[in-house]
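Q: Residue 1 is where the sequence shown starts when you use the UniProt record's numbering, and the numbers rise one by one after that.
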Amino acid sequence: MSNVQKDRILEGAEELFFKAGIRSVTMDEIARHLGMSKKTIYQYYRDKDDIVSALVQKKLEEDKEEMCGIGIKSSNVMEEMITMMKHSEDFFSRVNPIVIHDLQKYYPEAWQFFQRFKADVVIDSMQDILDRGIVQGYVREDIDTKAMARMRVWQIELGFDNSVFPHNEFNSWKVQLQFLEHFIYGICTAKGHEILNQYKNILEHN
């Protein structure tokens, strides 16, 4: 029962955080949204910071499983990257862009989880995709896959930087999409461009 309650609290907090950002949501609002007392919440989480950290760890683990699943199901790296792009679009369309800003500025423990995940999982996964793409003939042989993997991951973070792309001027997902298309078209061979355009046409007509 305790795990069920802990998951329910995280799910309720996630709904509020994704809509309004993290910092603006209070423990009172989380309790009211869940229809439970703050005393009950404090039996499972010591404070809001604890909830944020637990939620970030949960979402990162889900992302890791999702990436593995996409890789297994995809027939080539182009399909893999396009599917990941679609997955990201679905996710970011539900998330207030202020969430990343709040994490970075006000929740250092949770932000460190994100940074470690980026360094230990995302960069390695991206480099693996690029290496396989070279073997498959879709990615240019002359690129430094280690450097490009790091660049791509930092692009994602840059796209959410409010000082560079103010949220009142830029749609965060559109910025991410522009970055991703710029990246993919830059690393691809002619063969890669051809299959990329095929996948894009399929997605646009679905």
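For glycine and all other residues, C-beta sits at the position ideal for the given N, C-alpha and C.
Remember, predicted model here, so these are calculated numbers, not experimental data.
Determine the direct distance from the alpha carbon of I129 to that of G71, and round the result to whole angstroms.
A: Working through the sequence shown from its first residue, we reach residue 71 at position 71. Working through the sequence shown from its first residue, we reach residue 129 at position 129. C-alpha separation (whole angstroms): 9 Å.
Q: Can you grab the Cα-Cα spacing for the pair Q176 / M85, in whole Å?
A: Position 176 of the sequence shown holds residue 176. Position 85 of the sequence shown holds residue 85. Cα-Cα distance, rounded: 9 Å.
Q: Taking Cβ positions, are L196 and F179 nearer each other than 9 Å?
A: The residue given as residue 196 occupies position 196 in the sequence shown. The residue given as residue 179 occupies position 179 in the sequence shown. Against a cut-off of 9 Å, the Cβ pair of F179 and L196 comes out as no contact.
Q: The alpha helix (DSSP H) that contains C68, what's its start and end?
A: Translated into the one-based positions of the sequence shown, residue 68 becomes position 68. From DSSP, the alpha helix (DSSP H) with C68 extends over K48 to K73.
Q: Are Q5 and Y44 close, meaning C-beta to C-beta below 9 Å?
A: Residue mapping note: residue 5 aligns to position 5 of the sequence shown, counting from 1. Residue mapping note: residue 44 aligns to position 44 of the sequence shown, counting from 1. Contact: yes.
Q: If I follow the unbroken alpha helix (DSSP H) through H101, where does it start and stop?
A: As a working mapping, residue 101 is identified with position 101 in the sequence shown. Its alpha helix (DSSP H) spans residues I98 to Y106.
Q: Alpha carbon to alpha carbon, how far is S75 from F160? Give it in angstroms, no decimals.
A: Residue numbering aside, residue 160 sits at position 160 when the sequence shown is read from its first letter. Residue numbering aside, residue 75 sits at position 75 when the sequence shown is read from its first letter. Their backbone Cα atoms lie some 31 Å apart in a straight line.
Q: Please report the distance separating the alpha-carbon of R140 from that of E11.
A: The count along the sequence shown starts at 1 and reaches residue 140 at position 140. The count along the sequence shown starts at 1 and reaches residue 11 at position 11. Whole-angstrom Cα-Cα distance: 42 Å.
Q: Between which two residues does the alpha helix (DSSP H) containing V175 stretch?
A: Along the sequence shown, read from residue 1 onward, the residue named residue 175 stands at position 175. Boundaries of the alpha helix (DSSP H) harbouring V175: S172 to I187, taken from the DSSP string.
Q: Relative to the C-alpha of I143, which candidate in W154, V153, I156 and Q127 has its C-alpha closest?
A: Taking the first residue of the sequence shown as 1, we reach residue 143 at position 143. Residue Q127 is the option with its Cα nearest to I143.
Q: Using the rule of at least 16 other Cβ atoms within 10 Å of the residue's Cβ for burial, across every protein chain shown, is Y107 buried or exposed?
A: What you label residue 107 is simply residue 107 of the sequence shown in a count that begins at 1. Only buried fits Y107, as 16 or more other CB atoms lie within 10 angstroms of its CB.
Q: Nearest to V25 by CA position, among Q104, I187, I134 and I51, is which residue?
A: Within the sequence shown, the letter at position 25 stands for residue 25. If we check each option's Cα against that of V25, I51 comes out closest.
Q: Secondary structure at V153, three-state DSSP: helix, strand or coil?
A: In the sequence shown, residue 153 corresponds to position 153, counting from 1. If DSSP states are grouped into helix, strand and coil, V153 belongs with the helices.
Q: Is DSSP giving V164 helix, strand or coil here?
A: Position 164 of the sequence shown, counting from 1, holds the residue named residue 164. It is coil, neither helix nor strand.
Q: Which residues in the same chain as Q155 place their Cβ atom closer than 6 Å to its Cβ, once the five residues preceding and following it in sequence are excluded?
A: Position 155 of the sequence shown, counting from 1, holds the residue named residue 155. Cβ within range, chain order: F179.
Q: For residue 209, count the other beta carbons within 10 Å of its own beta carbon; 16 or more makes it buried, fewer makes it exposed. Which is it?
A: Outside the shown range of the chain (1 to 206) lies residue 209, about which nothing can therefore be said.
Q: Where do the ends of the alpha helix (DSSP H) carrying R8 lie?
A: To locate residue 8, count along the sequence shown from 1; it is residue 8. Where R8 is concerned, the enclosing alpha helix (DSSP H) stretches over S2 to A20.
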